[in-house]
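J.:
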Amino acid sequence: MMIYLKLFLAFFFPGILGYGGGPSSIPLIEHEVVDNYGWMTTSEFSEVLALGNALPGPIATKMAGFIGYEVAGVPGAIVALLATVGPSLVLMLILLNILYRYRNSPRVKRLSSFVLPAIAILLADMTFDFFNTSYNAIGLLVTVVLMVAAYFALERFKIHPAFVIMAGLVVGGFFL
């Protein structure tokens, strides 16, 4: 039972103190895992970090799951993952509760009027980057055909986005 508490603390503190996401919490996780608890050597930790960087998704959660599993099996992986995402989840729930409570406030409405355009611009920038990457990799014609097909699949035929993404991966793999 004590190992689960140690695992929780080893990933909870980096989750709280690692402001800026996974990359900022990696040194904190290394300190806990290598220096504080001695569950891994620096070399082993660097291998886990390299493996985590090779896989898609947030680095801190991948490392927490792997290290938790290595230390205490499946329950250890669950505890480490909960400790990693717990601080952000709790804070997000608290902030969303506050926003929901004051959703009719003029200040909150004004905040939304400032945030929503910024989100739209960020999404448009991301879309342009995806278009540019696709255009450079497979050409204009195939890129436009994929965009139109994805639009119709999502909007006209109401196909689940996961299936549209998988189809895009297959087509991209075929052309690359």
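Add 8 to the 1-based position in the sequence shown for the working numbering, that's all there is to it.
By construction, the Cβ of each residue, glycine as well, lies at the ideal position given by its N, Cα and C atoms.
(1) Which class does residue 165 belong to by DSSP, given the choice of helix, strand or coil?
(2) Specify whether the stretch 120-127 and the stretch 139-156 touch according to this definition: at least 3 beta carbon pairs, one from each stretch, less than 8 Å apart.
(3) Could you check whether residue 62 and residue 89 sit closer than 8 Å to each other, using their CB atoms as the reference points?
(4) To the nearest angstrom, how far is the alpha carbon of residue 70 from that of residue 19?
(5) According to DSSP, is residue 76 helix, strand or coil?
(6) Suppose you measure from the CA of residue 45 to the CA of residue 68; what does that come to, to the nearest Å?
(7) Can residue 15 and residue 94 be called in contact, C-beta distance under 8 Å?
(8) Less than 7 Å between C-beta atoms, sequence neighbours within five positions excluded: which residues of the same chain meet that for residue 92?
(9) Given this structure, state the Cα-to-Cα distance separating residue 96 from residue 181, to the nearest angstrom.
(10) Check whether the Cβ atoms of residue 176 and residue 162 sit closer than 8 Å, and answer yes or no.
(11) Starting from residue 55 and walking both ways along the alpha helix (DSSP H), at which residues does that stretch end?
(12) Short of 8 Å in beta carbon distance, which residues of its chain neighbour residue 102, apart from the five on each side in sequence? Order them along the chain.
(13) Mapping DSSP to helix, strand and coil, what is residue 32?
(14) What do you reckon, are the CB atoms on residue 47 and residue 41 nearer than 8 Å?
(15) Look up residue 113 in the DSSP assignment and say whether it is helix, strand or coil.
(16) Considering only their Cβ atoms, is the gap separating residue 116 from residue 107 smaller than 8 Å?
(17) What's the C-alpha gap between residue 171 and residue 131?
(18) How about residue 87 and residue 12: are their beta carbons less than 8 Å apart?
T.: Reading it off the structure:
(1) coil
(2) no
(3) no
(4) 12 Å
(5) helix
(6) 18 Å
(7) no
(8) 19, 23, 68, 69, 72
(9) 36 Å
(10) no
(11) 50-62
(12) none
(13) helix
(14) yes
(15) coil
(16) yes
(17) 21 Å
(18) yes
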